[in-house]
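When you read off a place in the sequence shown, starting at 1, and then add 185, the result is the number in my numbering. We treat Cβ as the ideally placed atom computed from N, Cα and C, and that holds for glycine.
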Amino acid sequence: MDTQRKKGLLDVCVLAVLQRGPSYGYKIMNDLAACVKISESTLYPILKRLETNGCVTTHTELYQGRTRKYFTLTGPGREKIADFLQEWDEIKRIYTFIEEESK
186 MDTQRKKGLL DVCVLAVLQR GPSYGYKIMN DLAACVKISE STLYPILKRL ETNGCVTTHT
246 ELYQGRTRKY FTLTGPGREK IADFLQEWDE IKRIYTFIEE ESK
């Protein structure tokens, strides 16, 4: 898959996981495993970018003697998901067109 296309999809996948509630990196990776395998070196830049863009906020909590960073979906993050879903309808129409023309 095209790198730029995949990058945008991964951003929305991470946001979708955070719709369930605040979460941390390792759990996000495990939750994403149902649809896509993602490494820490891929996930954390995505989370940083989403935080910079205001799509998520962060807070830390102590867990078993270690500090764990939690990510929480924001209003702009929810809007990004909604925008993606709206755009996806157009992408499906384009896909169908290409598929039919390729027969």
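Quiz prompt | Distance between N215 and G250 (C-alpha atoms, nearest Å) | solution = If you number the sequence shown from 1, residue 250 lands on position 65. If you number the sequence shown from 1, residue 215 lands on position 30. Taking the straight line joining both Cα atoms gives about 22 angstroms.
Quiz item: For K254, which residues does DSSP report across the bridge?
Solution: By 1-based counting over the sequence shown, the position of residue 254 is 69. Looking at the DSSP assignment, K254 forms a beta bridge with T245.
Quiz prompt | Identified DSSP bridge partners for Y209 | solution = Here residue 209 refers to the residue found at position 24 of the sequence shown. Under DSSP, Y209 forms a beta bridge with Y255.
Quiz item: Is I276 buried or exposed, if buried means 16 or more other CB atoms sit within 10 Å of its CB?
Solution: Here residue 276 refers to the residue found at position 91 when the sequence shown is read from its first residue. Exposed is the label assigned to I276, since fewer than 16 other Cβ atoms lie within 10 Å of its Cβ.
Exercise. Measure the C-alpha to C-alpha separation of P230 and E284 and round it to an integer number of angstroms.
Key: Start at 1 with the first residue of the sequence shown, and residue 230 comes out as number 45. Start at 1 with the first residue of the sequence shown, and residue 284 comes out as number 99. Pairing P230 with E284, the inter-Cα distance amounts to about 34 angstroms.
Quiz prompt | Buried or exposed by the 16-neighbour rule on C-beta atoms within 10 Å, applied to G239 | solution = As a first step, residue 239 is located in the sequence shown; it is residue number 54 there, counting from the start. Its Cβ having fewer than 16 others within 10 Å, G239 is exposed.
Quiz item: Whole-angstrom Cβ separation of L228 and V241, contact assumed at under 8 angstroms?
Solution: Residue 228 sits at position 43 when you count from the first residue of the sequence shown. Residue 241 sits at position 56 when you count from the first residue of the sequence shown. Contact doesn't hold; Cβ gap of about 12 angstroms is too wide.
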